[in-house]
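The block underneath contains the structure these notes are about, expressed in structure tokens.
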Amino acid sequence: MIKAIIIDLDGTTLPRNWHQISEENRVALEEAGQRGVVRILATGRSVFSLNNTLPEGLPVDYMVFSSGAGIMHWDDKEILLTRELSAEETRDIATHLWKYDINFTIQQRIPDNHHFYYRNISSLHEDFRRRIENYPGLGTPISSTDEIRGGATQFLVILDSEQLQLHGEIEQKLSDYSVIRSTSPIDNQAIWTEIFAPDVNKGTSCQLLLNQLNLRYEECAGLGNDYNDIDFLNRCGHPFIVSNAPESLREQFDTMPADEDNGLAAFVRHSLNL
Numbered sequence: 001m002i003k004a005i006i007i008d009l010d011g012t013t014l015p016r017n018w019h020q021i022s023e024e025n026r027v028a029l030e031e032a033g034q035r036g037v038v039r040i041l042a043t044g045r046s047v048f049s050l051n052n053t054l055p056e057g058l059p060v061d062y063m064v065f066s067s068g069a070g071i072m073h074w075d076d077k078e079i080l081l082t083r084e085l086s087a088e089e090t091r092d093i094a095t096h097l098w099k100y101d102i103n104f105t106i107q108q109r110i111p112d113n114h115h116f117y118y119r120n121i122s123s124l125h126e127d128f129r130r131r132i133e134n135y136p137g138l139g140t141p142i143s144s145t146d147e148i149r150g151g152a153t154q155f156l157v158i159l160d161s162e163q164l165q166l167h168g169e170i171e172q173k174l175s176d177y178s179v180i181r182s183t184s185p186i187d188n189q190a191i192w193t194e195i196f197a198p199d200v201n202k203g204t205s206c207q208l209l210l211n212q213l214n215l216r217y218e219e220c221a222g223l224g225n226d227y228n229d230i231d232f233l234n235r236c237g238h239p240f241i242v243s244n245a246p247e248s249l250r251e252q253f254d255t256m257p258a259d260e261d262n263g264l265a266a267f268v269r270h271s272l273n274l
């Protein structure tokens, strides 16, 4: 019997460019709760972004946010755990990235990780420009690593879809840290290279939460749509991917209908019968 479901947000629970979940998906999540199933939403969004995006009363129990850097009890917004980069680690990563001709952001510590430093030296990737514009007054440009103060939640590097090799190079150079690939929720094409403290990802943070709840991954069903969901999908006893996910993921996991076709509701109904 399934005791918990772990679901991604953008492109899974919330279709791209939608501002609320469908009524069918909402009803399915409510039914899961009524059946005693713990509902965990694992997202790359920050608390600030969640509070400005999700409707009040969304029927989930826990948020694993910022790709695993934090865990929150959704009903009362209590932050249960944070996993962050120290000041020394932050400076180390920035020093490595400074060697490349790329722009990046440094998100400050939770709960203020909607504030960020950013390096702006090369021509702006359109996705990077939009991100800066979407958070007016929250970004501080820096011209050297000496301007960085304190630790951080994460780094974000935005690359063209043709720069996958550079993502791999960064991942190799910074192998002491958690380097995660995801697809931009802004243009749905750019590669986001996100760098976190060691071992931080959705999968390990969901494990920490499950431990607190005395649950096992084998008792969980999971639904995702992107590369940053692999860490929890590979651990779930019953992993699924929506049919609009990248082809390489559809080859690894069983599929559910696309996000816009209420794939979440289909997943919940299926999981409740496992």
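Under our numbering, the sequence shown has 155 at position 155, and the numbering climbs by one with no breaks. Think of the CB as a built atom: it goes at the ideal place given N, C-alpha and C, for glycine as much as any other residue. Computed from a prediction, not measured in an experiment: that's the story for all the values here.
For ARG250, the CB contacts under 8 Å within the same chain, skipping 5 residues up- and downstream, are ILE241 and SER243 in chain order. Within the stretch 100-141, the runs of alpha helix (DSSP H) that reach at least 4 residues and sit entirely inside it are, in chain order, 126-134. As a beta-bridge residue in DSSP terms, MET256 pairs with VAL242. Secondary structure note for SER182: it is in no alpha helix (DSSP H), and the uninterrupted beta strand (DSSP E) holding it is 178-183. In this structure, THR193 lies away from ASP226, with their beta-carbon atoms at least 7 Å apart. Secondary structure of CYS220 (DSSP, three-state): strand.
Taken through DSSP and simplified to helix, strand or coil, ILE93 comes out as helix. In the structure shown, ILE186 adopts coil according to DSSP, grouped into three states. Contact annotation, ARG91 with THR145: C-beta distance approximately 6 Å; criterion of less than 8 Å satisfied.
The three-state secondary structure of GLY151, taken from DSSP, is coil. Here DSSP, grouped into helix, strand and coil, assigns ASP61 to coil.
In the pairwise beta carbon analysis, the stretch 109-119 is classified as touching the stretch 77-88: at least three pairs are separated by under 8 Å. Looking from the CA of LEU50, the closest CA among GLY36, ASP75, VAL37 and ILE121 belongs to ASP75.
Within 10 angstroms of the beta-carbon of GLN34 lie fewer than 16 other beta-carbons, which makes it exposed. DSSP, reduced to helix, strand and coil, places GLU78 within a strand of the structure shown. Beta bridge pairing from DSSP links VAL157 with PHE104 and THR193. Residue pairing from DSSP places VAL38 in a beta bridge opposite ALA4.
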